[in-house]
Structures are given as C-alpha cells and as structure tokens.
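Number of protein chains: 4
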Amino acid sequence: MKNTFGNSISVTLFGESHGRSIGAVLDGLAPGLTVDEEFIREVLSRRRPVGAISTARREADKFSIESGVFNGKTTGTPICIVIPNEDTRSGDYGQMTTLARPSHADYTANCKYHGFEDYRGGGHFSGRITAALCAAGAICISALKEKGINIATHIKQIADVCDRDFGDLDADINKLNKMDFAVLDDSKIGEMFERITAAKNDGDSVGGVLETVVTGLPAGAGEPWFDSVESLLSHALFSIPAIKGVEFGAGFSIASMRGSEANDAFYMAGGAVKTKTNNSGGINGGITNGMPVVVRCAVRPTPTLSKEQQTVDFKAGEDATLAARGRHDPCIVHRARIVVDCVSAITLCDILAGRYGTDWLGAK
Amino acid sequence: MKNTFGNSISVTLFGESHGRSIGAVLDGLAPGLTVDEEFIREVLSRRRPVGAISTARREADKFSIESGVFNGKTTGTPICIVIPNEDTRSGDYGQMTTLARPSHADYTANCKYHGFEDYRGGGHFSGRITAALCAAGAICISALKEKGINIATHIKQIADVCDRDFGDLDADINKLNKMDFAVLDDSKIGEMFERITAAKNDGDSVGGVLETVVTGLPAGAGEPWFDSVESLLSHALFSIPAIKGVEFGAGFSIASMRGSEANDAFYMAGGAVKTKTNNSGGINGGITNGMPVVVRCAVRPTPTLSKEQQTVDFKAGEDATLAARGRHDPCIVHRARIVVDCVSAITLCDILAGRYGTDWLGAK
Amino acid sequence: MKNTFGNSISVTLFGESHGRSIGAVLDGLAPGLTVDEEFIREVLSRRRPVGAISTARREADKFSIESGVFNGKTTGTPICIVIPNEDTRSGDYGQMTTLARPSHADYTANCKYHGFEDYRGGGHFSGRITAALCAAGAICISALKEKGINIATHIKQIADVCDRDFGDLDADINKLNKMDFAVLDDSKIGEMFERITAAKNDGDSVGGVLETVVTGLPAGAGEPWFDSVESLLSHALFSIPAIKGVEFGAGFSIASMRGSEANDAFYMAGGAVKTKTNNSGGINGGITNGMPVVVRCAVRPTPTLSKEQQTVDFKAGEDATLAARGRHDPCIVHRARIVVDCVSAITLCDILAGRYGTDWLGAK
Amino acid sequence: MKNTFGNSISVTLFGESHGRSIGAVLDGLAPGLTVDEEFIREVLSRRRPVGAISTARREADKFSIESGVFNGKTTGTPICIVIPNEDTRSGDYGQMTTLARPSHADYTANCKYHGFEDYRGGGHFSGRITAALCAAGAICISALKEKGINIATHIKQIADVCDRDFGDLDADINKLNKMDFAVLDDSKIGEMFERITAAKNDGDSVGGVLETVVTGLPAGAGEPWFDSVESLLSHALFSIPAIKGVEFGAGFSIASMRGSEANDAFYMAGGAVKTKTNNSGGINGGITNGMPVVVRCAVRPTPTLSKEQQTVDFKAGEDATLAARGRHDPCIVHRARIVVDCVSAITLCDILAGRYGTDWLGAK
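Structure (structure tokens):
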C-alpha cells in the first residue's frame, strides 16, 4: 500500500520537501492515550540538532494535530499531524535539474514518475518526511512507555569510531533518551565529531550504525513466517532513507559462530523464563521471547556532497559532473537515531494491538 | 496477514512438519506462464541435498499442483501446491516435550498458542515449510527468467570460510544455478565441508552468509517509503527461519565508508544509465535503478544440537538440560540458499506486477 | 488481494471445478478451538441437497484438513482444507467452448485470462468453490457459537413466494439450523418447490432472497468508514457468485420511510441498552449496537439454462445460440443459504479478533 | 485497515466534525494527471447545496492540497487534501451529551471508544468527513474521464417519488453532471422538494435511492471472488454513512425473475460484444463485461430529528427523550449523490490501476 504501513495500527505518510506541508496519519491507536505535545516537540527536535554536530537544541519543527486527539487524549480515530514547510526557498529550484545525484533518488524518481515528480529538495524522497514519522512515532513511544515497554537507540558507530555495548539497560535507556547525540560512552563523542568535521571539511560525508533496544515486551507477540517481528520491523526500518542493512541480536556476526555459542540458553529467574545471552535479539521463530529486542541498522553516508562527483544528465543522456551547492549534512546517523526509535515504536504498537486487541495499549 | 504476503501477487503458507501436508497458494500470477514441473522438482531437490554436505542428488519432495495450472500454463487463478508429509514417524512424538530447545521456537510457540501448537518436529515453525515457498518460488523464478530477469544466490560464507565475490554475473548466475552446493570458487568447497563435518562431529552446528544477485530488473520499480524494494525483500527474507540479518549493496560495510567512496557514480553506457560501483545494491530511494539488486542474508547455525544445552522445562518452570536425539543438520546455509532465491523471486514478481499490471509477466 | 479476504482472520480460496481439488486456507483463528469434522460435514451437505428441491440428505463433499488442527483443536496456525474433485467427467470438456453463457463468467474470464482460463465447468468461477468457503466457515460458525453468537439464514423468497419474517429469534435460529431447505413457515415449502419444478420443466430457473440474522454480538465491534460491519460483510457476501444485492436492517425499504419511522428508539432492558425496532440491522455508524445483525442477499436465477439463449461465439466474433446440455440447478437459493452463513461467520470472526485480540475467540 | 481503503490506489480519511480539519490522503495515482482545483470546488459544492432543497449554489468547502500535486499535475506520490473546519461553534458542545440519538453512532461510538470519542457534532462519524472523500474522488473522476470512463448518479427516489430510468446514457450523464439536485425527469423535482419540505415541517426526515452508472470501462477488470467489482464497490459504498443497501443491475428485483428473463443475451455490435439487457449491471463473475456498471444505494432518512424521540441516557443507564436542536438536514439523498460518485471513482481507479499497472491512468 505504498505510503501506508501496518495492520491493526497503521501510519500513512504524505508530503514533499518543498510542498505546503508534510504529515502523517496514525490510525488504530487505542482511545484514551495521553498525547503529550511537549514530548512530540522533544522528539522532533532530536531529529534536527543544530548544524551537524552540535548538541545545542534547535527549535523543533512546528506541527499541528489536525484530528484524533480530544482533550489531550487519543479518541481512537485517525490522528493526522501536519508539519508545514517554512522557509523552503522554492525560488532556488525554478528549473528541474536533470543531473542525477549519485546514490540519491533523482534518477529512479524520474524513471518512475516520468518527470512529474516534485524534484525540489528531494520532493517526497526527502529525509524531511521522517519528521512526520517522528511525530506519529512519539505518540507510540509514549503509549508503549505506559505499558512498561521502553525503547532507545544509540549511535553504535560513526565512521570507524565505535560506542560501547549496551550494559545496564534501564540506566542506558534512561541516559540515551535525554541526549541529542546519543552515545553511551561519552568519551567517544569527541572522536565522532572529529570524523564528521573532517568529512565536512572535505566536502564529504560519513555513515554509521544505530543499535536499538526494546525492553518490557511480553513474550508471545509476533507471528511465524510473514508477520515475524523481524519481518515487520525490518520492513519499517528499511523505509527510512539511508538504511542499507538491518540485523537482529548477533546479526551478521552469528554467521561465524557455532550453534553452541549462538544459542541462548534458557533459565528460570524468579518464576520467569530468561536467556543467558541474547544472540537471538529477543525473537525466536518470529515471536518475542520476553528478552529485550535488539536491532541494528546500517546508515549510509549522506549521498549529497559538495565534492565533485561523476554522474549523468539523464535528460540529455550524457555524462556530467556535479558538485552540490548549499549546506548538506555531512552525517545523518545521529539524526536518523530518533527516526529508528519512532518507526520501531509504531511497528511494535501494531504488533501488540493485533495480538491483544484494539484497547490493550490504552488499558490501565 | 500472518501467513499471506504480497499485494498484487501473494503467497499463502500452511502446514506443519508432521501434519498431513504442507503447501502454498500463489495468487495473482499472469495467465499463460509456462509451469515446468521438472524445474520445480529441481528447485525442491536443491533444498534437500543428501545429508549435510553431499552434492549427490536426493529425491525431491513430491508435490501436487492442485489448481491454477491448466495444460501446463498458469490460468491466472490461485495455484495451490501441496507437498504431502511422508514417513513422519509421528509415533515418536506421542507426548509433548516441554523442554524448550534454546533459540528455537518451542517456548515462544507455547507462549503464543498456549499449548495447542502442533509441537511435533517444530510444527508450523519447521524449516520444512520452506519447501512450499520453494515450490511457489520456482514458478516465479521461471516467470522472471522469461522476462530476462535472472536470480542466483551463492554461499558467501560458512563458519569462517568465505567464497569469492561475484564477478561476471551472467557466467556466475549460470554456474550457481546448476549447483547443489552453490559456491563460486570451487576450491572453497572442501574447506566449507570440513567446517560442517567438524561441527557435526562435535554435536554442534555452523552458520553462514548468503549473497543474492538479480539482473535484468527494469529501472523504476518499487516505491519510496513503505513499499521500497528493500522493505519488501527484507520483509520476505526475514520470514525464512534462521535469517538474522539482511543487507543491500555494501550493507553494513557502508557504515565506515565516506560518501565519496560509497556513492555509485552514474555514467552512460550504450544509451543506458549505469553506475560504476554498486554499493546501493541496485536500489536508490527504494526504487530499482537498473543495476543488479544485491542482497545478503545472515544465516544462524542450526539451533538444534545433539550437544547438551542448558534450558528450562517451561511447564514445570524449572531449569533443565537438553541434548537433541536423532539426525540434525549441522548446517542449513546451503539449503537456505534456494529458499532465498524463491522468496526473492516471489517478492519481485509482486513488485513488478503492481508496477506494470497483472499481465506484464505473461506478455511476450 | 484477490483470493484472500480478511485482516486478523483471513481466508484464501483456490481451485477449479474440474481441477484436482478445491480448498481454502483459514488463517488467524485462536488456538484451542474445537474442530468438529462431523459439523463441517453437515454444513457441506447443506450446500448439496439431492437434486434441486429434495430435502433428503445427499452425501457431503469429502474433505481433508491438511493443517492447523491437532488433537481435534485449532493450533492457531493456518487451517488448510482440501476437497478433492471426483467424478468430474473432464473428458466432456475436451475442447474449449467459445459460446459465452449469458450472464455467466465465460466471456469476462476470457477477457481477463486471454484464453488460458480453465473453462471446464466454470473453472475457478464455479459455485463449487463455495464448498471450500463452507468448510472454513463451519469452523467459524462453531467458534462463534462457543461465544454465544448464533447465526442462521432463511429463504426469504423464491420466485414470488415469500417466507414469514423472523419472530422468536432463538427458536427460529434453532429450527433453521436443522433444515436443508431453510424456511420458517413450513407451509411455504410446497409452493416454493412448485416454482422451482415449473422452472425446471421449462428449462429455466428461478432466484430469490436470503435473510440472515446474527445474535449475541457484543456492542462496539466494527469501525466507522471503510471497515464498517456493513462494508466488510457486503464485501464478503458479494464474493458469492449470483449475489446481486445486499441490504442491512430495513434495507431498500428504508428509502420510503420517514426518519421517525426508520429510527430505532433506544430503551433500557435489564441494565442493557436495546432498540424497539431494528431497522438499522444491529449496526449504527458501522459499529454493532448489540442488537441482532440482519442482512439480506438477492440471489439471481441460475444463468445456465437448457432453454435456448442468444449469445456470441467470442472467438469467432459472431452471434450464436446456446442451449446448455446436462443437469443444471433450476434454483440455487436454498444452496447459497449455507454459503451466506459461512461467509458471514468468517467475516465476523475477523472483526471480533481484530477488536478483542487473537485469543478472544478461544477464551473461555 | 480502518480508515484506509484500496490496494493499488488507496484513500485514507481523517478528521472530526469540530476538530481542526478533516481530510484525505489519496495514494497511488499515476503521475502526470491534471488536477483541476475548480472541478474539485464544484464537486465539493455539490455536497453542500443551500439548505435542504435549494439548487442555488452555496460556497463550497475551502480545501488545501498539501502534497502530491506539482505544477497542476499529480506527481505520483500521496495527495493530501485538508479541509479546515470553520465556524464550528464548539462552545455549544461544552459538555458531552450521553443521550444517544436513535440510529446515530453516539451509543456505538461510546461502546467502542469508552467516552474518549470527540462527540462534538458527530465527531469522526459526521457526514462532514465525506467532503474529504469528495475532494479525493473529484481527482479520480477527472482521471477516469481522461480515459473515456464517465460516471453519474441520479436521485432515483426520494420518499415515494421516483425519477425515470436511465435512457440515453451519454446525454443523461452529461445532464446530471451539471445539476445540484440530480434528477433525470425535471418534472419530478417539485414533488421531491414537496416531500422534503413536508418532512422538515414535521421535524422529520426522508430517505431515498441513488442510482449510479459508469460507462466506458474496459471488459476484463476485477477479480472472481473477494476482489469482485461488486465486492469492492459495495465495500466502499457502505462506508458512506446512511447507506443501508447496495444492489447491482437488476438487484433485488432479480429475485422474482426467471433466468431466461434475467440473463443478458450477448450479441455482436460493430465488432464488440454487447448485451441486449443489463440486468447484471455490467459485471459477470465479478469482472466487467464492457457494458455500463449500474449500482443503486438505499439512503436512510437522516436520523437526527427535531421531533421528540425515545432514547436512553447511556451514562445514567436510564430511559430518556430527545429532540435535537438546531438545523438538521431533512434529507441527505441529494447530497449523498456526489459522495457515491466520488467513492465509486476512487474504487474504480484502484481496480484499473491494479489490472493495468500504475501508469495506465496517466497514459495518453
């Protein structure tokens, strides 16, 4: 269904970078959930830290909840959130460029939409659309929190600099959810900034890895086969521009383990079934096992560069060169982090609502 | 929709390891496509090489096409393929075991199905169900081939032994599609066998990585956001038991590249737009760019081991130990390879039929 | 999704009249529901009364539950039911007829499937496929019954002969569910038979109206707009061949009522909210109000006639005449009745499972 | 999916009567279609004729196209149309009423949303939401027209006054699409007005029947079984509040016909296959046969009356009486007419895009 995702709870996206607005319709949430506009604002601000690398807070996108919230609570009907586009300088784009930015969607959009695409600022392919995902996701994050389900993502890696692994999950989640540049080991921040700045100075960009953990999920959610938790989460996560890999638990590193090493031994702990390791990332046979869900996403370096690149003019059918003008993020890893949280939260709400019914998320 | 996947073309799975049969319903394929039962048989046999490591051909699963094929051609209506379960020794399973195999679905199935699950041989979670996916996928592979779209998967890695990278794609695809143990560099086969045998002798297992390439896809298929080619392919691929990671193009390695290195420079070649590298795996903005689609899957080592493992008796709520009896695959990477091909083929048929209409796949 | 319907609980159909088998995959039902094969047999037999008008029981279709049922209970995984085609005399159909039966699907199937359709006996368009719907529906009828939700359909009208209206619903439902030719007023049966026989003797056919009632549904199920109970039920009911009209409550007769007459006044009865009339058919704003759901379906007279009809040879592109040979039902109203029950039961199970979660139907 | 409908082309609704705005997201339309804002305005004005019965034009709802249209053409990405709510006098609704309007959604909304629903002016159940459907539908009507597919609806009946049947379809469609009060036989308008006025004077309301015709559809669109043209159209039409019956072709009257009378004899006309009658309403076996699609909808009389009605206070659990204050439409049949056109157009675009691919609607 193209711009709609989800079964019991779904999200529909719309908008272009330089159109009137972007937005999302979030449908199927239980009635009676508190909608905290201040928290939505905070989440949106996380997507837009000042410049590339500063943690000083920048004003978040202004948004308007058009429907589905009444007296500060969800009504159970669709929540439409609109984020107007301001200061879009659309004059700058008076004429369509037919120079395809390498590894960007300019060329494929043209193949698909035959030149009718809104090419300004990436149009519907712009990372800006993720602001709408974040607004919708913020409501889902709050809803999950009310049920004791917590989610956080850290910057596992930028360029060649790696953060430490998750340790005490409650403390780590708490820490991360207060940070704009979400790193567990503060001593790594400087190095990561250095890599971003160096790339920027070269007119280049860097990528990284995001690692997400979700605690408090009940065992028994998800489905074998096509609606496995992995299937649904990866479907949603790969929707985020720049994500080129998704792995759960030990992920690709499981390939070189032996079974006896990879398997997560079960044990009883205070009447509950737990596992000693979590190489399965909290999911067995597509279904949650009650351990934290762990997922990592590979984020490509921003494709738009001020450095000159070889490309084609796809209208003229000729080779060409291109150097992007204006400001461009030399790194989007730290910004993509909150998008990953939000997209995961929406998907998990959907899985849980399907499993336990419409009202479960709202029940006290 | 749980056991159904796809929009324009969909597949529905059913069956348990020790029930009467397993099967799949493949719906939405164009009328008039040739259905080659011999090829389906070949694909099914690829899923079942003799023992763990021999390439000698074993008899494939017997299957029966119940519907949707008439005079050797698709009718355009649902194709149901049933594979009867034979020789299932169900007597061995007279009593449910409540000892959860670590990292297997025994425990999560019990959480979800409350003890009503068919626990025999893994029930609906059994890898055996992938035979149905393969039968359906074989038809899709043939359909794609008729349109000049070719697909092949090689064993990129088993344990610590790696195959060479793809080179001449036409030749490599051709070679792989004749092999049971699909490795590009024949000199690696012995080493891989050695790792499998060693694990087997230890009552243990090994995992690996599968790498798939698809050539001949038109540029402009897929959607931005939720129906991106990455989203749909990963959704389908993570449905395969044992897959714990999926990455496209450069995948996780893109995290440590700079943009100038990661970006795929466009150039004109004989009137067509191509890219010099393919770190994007043939997909920009969720849409095919005409270059080969490249996807890799991490395959976990088989969780069922004859080695003793720590676990719980989830009925008694007690710690326990477990050593699986009987034969168990010490490695499923080489068998999962054809499942990856099949699942990818089904998904790509769906994407193409949605883009170009019902009849496109059948048009000459 | 073509041959799959439903969100939380879905049914997938396959098969052709003269293929190997027909069948259905019912997915998403709660685990632990009793599957009574004898009841499925009874339901199937209701679809096939001897000849056109006799109530003497004919042998039901033989069916085989391939999956999803273990020890007599649903497992929670897909239930595939296969009904083999026997005695199909496929030799009779050695050559495709290109004479389109008026108001049958011969011509439209050819337009859609370009001559690759299995034309034998109506192929995938055959009413025989409804046997698969009935097998799946029988399980849903039983599941609903366990939750105190009962469903029954009577022959409201055949040709110009009308049955009485529903009265004491419990008694009426009880009575109908024991009958093959389901009429509330027994004195009308003779007259209805007479109309059928007269048509048969003329090489002609008759139609009618079916009226269904569902009691015991909780208030608050269904959705405003696209997933209204009316939307979902009508979607499913119009899938049944020969249905050309669907109406709820007062239906088309509401057009000539005034609001004060059409409105169903609420009142309290023993602590529960009820309505004095039920012109809304138990549904307000797309959502159940706790009153019985009432729906009527118009059933066309069988289009296949032994009487000569004007038609075209769509291959030759010439006018032609056609008189069908062999036995043809002069009336299918009484047979369609159980199909309506079954399709309604599947749809209501889906609505309820979505509203109250996966396990609700199975909870005691 | 609750507030989203469609497969290849989908529409998502949001909004409440007294919230900030209502709107729709229309996704999947081909790129390059002309979007005529003036025509959207005209369609919206048809939904709001002055008062109940005047044909003098009232200002249409103001709308804003937020996305998906660029330089007056569709881009191929989601079109979000927002219609702000103005002059909503929300002060009037300071306190929730717990007196259920008979046959309205007040009570069922409360059952479903537990008191969190936005009760003001009917909230998300308000007929006002249909304005969003109309805005989206207008674009689809234009798109169909470009492909030679025309659609029109007339008021077949109000109270006991009936319009004439369709005659010369091209002329009739042309005539209807210029009218606010769409009746084929102008001499009936006065009588219909009289019925509406009489009801109004009594604090009461009247209902009616709408009949829609669609010409120019290619033969071979739609599917057997669950995606039959009847299934999809009825699903969409029953989403419109107040619709209680949907019938195709001869509809319920087919019940008393004999097969020889009901069947539509095929004949050749200038190389094309046609039928002499159209009792099947252009659909055989769920698939278009190239004849006009004909569908009728029963529209209930408006449930909100100034006349006193018996009801309950569902919070107090007590019997009560209710007489609605303020202005209420004594008839919505003439207003619902354009909604039926719009909903049908959206659904047909979806069916055609699925059949012929994404770009078909936009191809010249």
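Chains as they are written, first to last, in the numbering used here: chain X, 1 to 364; chain B, 1001 to 1364; chain V, 2001 to 2364; chain A, 3001 to 3364.
Idealized CB from N, CA, C, for every residue including glycine.
Name, please, each residue of chain V whose Cβ falls closer than 9 Å to the Cβ of residue i.
i, result
"N7/X", "N2007, S2008, G2354"
"V3206/A", "A2255, S2256, M2257, R2258, G2259"
With a Cβ-Cβ cutoff of 8 Å, do residue i and residue j count as a contact?
i, j, result
"G1296/B", "E1211/B", "Reading the sequence as shown, one finds Arg at residue 1296/B and not Gly. Cβ atoms of R1296/B and E1211/B: closer than 8 Å."
"T1012/B", "T2004/V", "yes"
"G1251/B", "I254/X", "no"
"E1308/B", "A1320/B", "no"
"A336/X", "V299/X", "yes"
"A272/X", "G290/X", "yes"
"I3079/A", "V3069/A", "yes"
"G137/X", "S3067/A", "no"
"S10/X", "D27/X", "yes"
"G1222/B", "G1249/B", "no"
"A219/X", "T275/X", "no"
"V2340/V", "C2134/V", "no"
"S2187/V", "T2302/V", "no"
"R3047/A", "T3130/A", "yes"
"A3152/A", "P3330/A", "no"
For residue i, go through chain X and note every residue whose CB falls closer than 9 Å to its CB, in chain order.
i, result
"T2358/V", "G354, R355, Y356, G357"
"H3104/A", "None at all; the shortest Cβ gap to chain X is about 16 Å."
Mind pulling the chain A residues with CB within less than 9 Å of residue i?
i, result
"V214/X", "Those within 9 Å of V214/X in chain A number zero; the least Cβ separation is about 24 Å."
Spell out whether any CB of chain D is found under 8 Å from the CB atom of residue i.
i, result
"N1201/B", "In the structure shown, chain D cannot be found, because the protein chains are X, B, V and A."
Report back the beta-carbon spacing between residue i and residue j to the nearest angstrom; my notes put them in contact at under 8 Å.
i, j, result
"I3022/A", "A3132/A", "5 Å"
"S2234/V", "S3239/A", "Not confirmed; about 10 Å, so no contact."
"F116/X", "T3075/A", "5 Å"
"S2279/V", "A2262/V", "In the sequence as presented, Ser is not what sits at residue 2279/V; that position holds Asn. Right, their Cβ atoms sit about 5 Å apart."
"S2017/V", "S2126/V", "4 Å"
"G3006/A", "D3350/A", "4 Å"
"H1114/B", "T2077/V", "At roughly 13 Å, the Cβ-Cβ gap does not stay under 8 Å, so H1114/B and T2077/V are not in contact."
Since residue i meets chain X, which of its residues come closer than 7 Å, beta carbon to beta carbon?
i, result
"L1026/B", "The premise fails here: L1026/B is roughly 14 Å from chain X at the closest Cβ pair, so nothing lies under 7 Å."
"N1284/B", "S103, H104, A105, Y107, T108"
Residues of chain A with CB under 7 Å from residue i, in chain order?
i, result
"E2223/V", "K3002"
"S2234/V", "S3234, H3235, F3238, V3246"
"G1951/V", "Here chain V comprises residues numbered 2001 to 2364, so residue 1951/V is not present and cannot be evaluated."
Could you work out which residues of chain B lie near residue i, taking near to mean beta carbons separated by less than 7 Å?
i, result
"H124/X", "P1224"
Name, please, each residue of chain B whose Cβ falls closer than 9 Å to the Cβ of residue i.
i, result
"V273/X", "A1100, Y1107, C1111, V1312, F1314, G1317"
List the residues of chain A whose Cβ lies closer than 8 Å to the Cβ of residue i, in chain order.
i, result
"L13/X", "P3078"
"T130/X", "In chain order: nothing, as chain A lies at least about 15 Å away."
Looking at C-beta atoms only, is the number of pairs between the region 1205-1222 of chain B and the region 1167-1184 of chain B that lie closer than 8 Å three or more?
-> Judged by Cβ distances under 8 Å, the region 1205-1222 of chain B makes contact with the region 1167-1184 of chain B, as three or more pairs qualify.
Ordered list of beta strand (DSSP E) runs contained in the region 3212-3253 of chain A, each at least 3 residues | Those beta strand (DSSP E) runs which fall completely within the region 3212-3253 of chain A and span 3+ residues are 3243-3248.
Where are the alpha helix (DSSP H) runs, 4 residues long or more, that stay fully inside the region 3252-3320 of chain A, in chain order?
-> Correct list: 3259-3262.
Complete runs of the beta strand (DSSP E) confined to the region 2125-2211 of chain V [at least 3 residues] | Complete beta strand (DSSP E) runs here, min 3: 2150-2158.
Starting from the N-terminal side, write out each stretch of the beta strand (DSSP E) that is 3 residues or longer and does not extend beyond the region 2017-2075 of chain V.
-> Within the region 2017-2075 of chain V, the runs of beta strand (DSSP E) at least 3 residues long that lie entirely inside it are, in chain order, 2021-2027.
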